[in-house]
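Add 717 to the 1-based position in the sequence shown for my numbering, that's all there is to it.
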Amino acid sequence: MAAAVADLERTLKSFGIDAHVSGYSPGPVITRYEISPAPGVKVSSIVALENDIALAMRAKGIRIVAPIPGKAAVGIELPNPRQAAVVLREILQSEAIPASAPLLSFGLGLSASGEPVAADIAKMPHVLVAGATGSGKSVLIHSMVMSILFRARPDEVKFVMIDPKRTELTFYEGIPHLFDPMV
């Protein structure tokens with residue numbers, strides 16, 4: 718991590734930006750670096766260098782959060798060299814979903830800073846899951862279902878599952894949590 722911090726500071730300096738990395742938050746896919754600009758450095762000058770910073774850091778793409786809400790810093794999110802696996806069980810056993818949480822709570826994943834994130838389906842009147850091929854739509858659906866199966870007994874929760882292509886939900890055929898056989 719120290720090498721990445723030094724590279725980022727050197728890159729900013731090469732573009733005439735007087736700033737230092739004041740902190741970082743590693744996540745499973747990206748690491749957010751908190752950049753503290755020197756007095757007089759315009760945030761817009763850092764934002765304008767997004768593509769140049771990505772090129773200099775050899776990053777596929779970066780994101781700049783300017784400023785980080787509640788902080789006197791600019792966030793630069795760089796992809797990690799290797800993505801870390803996110804284990805659903807660890808999220809379900811974390812403080813993000815306490816034992817007292819509603820049965821329809823589910824693990825969403827980890828935040829950019831590596832903190833477990835959960836949600837409650839009961840608080841969502843509608844859920845639209847969309848995205849490009851390979852972006853994780855099915856992973857989200859499985860995460861929702863598995864989270865509920867992990868926490869609820871069959872007498873507490875029943876599923877009605879419709880799988881038009883018969884490809885994604887076949888794993889759940891025959892589970893006692895089904896209200897009716899899968900369609």
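Note that CB positions come from ideal geometry on N, CA and C, so glycine has one too.
With contacts defined as CB atoms closer than 9 Å, V862 and A801 fail to qualify as a contacting pair. DSSP places E726 in no beta strand (DSSP E) but in the uninterrupted alpha helix (DSSP H) bounded by A719 to S731. By the CB criterion at 9 Å, P898 and E890 fall inside the cutoff. Residue range A736 to P743 is occupied by the beta strand (DSSP E) that includes H737. CA-to-CA, the gap between A720 and F896 works out to about 54 Å. Taking C-beta separations shorter than 6 Å and ignoring five residues to either side along the sequence, P798 has no partners in its chain.
When the five nearest sequence neighbours on each side are left out, the beta carbons in the same chain lying within less than 7 Å of the beta carbon of V803 are those of P745, G826 and L827, in order along the chain. Nearest to E794 by C-alpha distance, out of A736, T887, L766 and T748, is T748.
In the DSSP annotation of this structure, the continuous segment of the alpha helix (DSSP H) that includes F867 starts and ends at K854 to R868. Shortest Cα-Cα distance from I770 to any of R806, V758, G733 and P786 involves G733.
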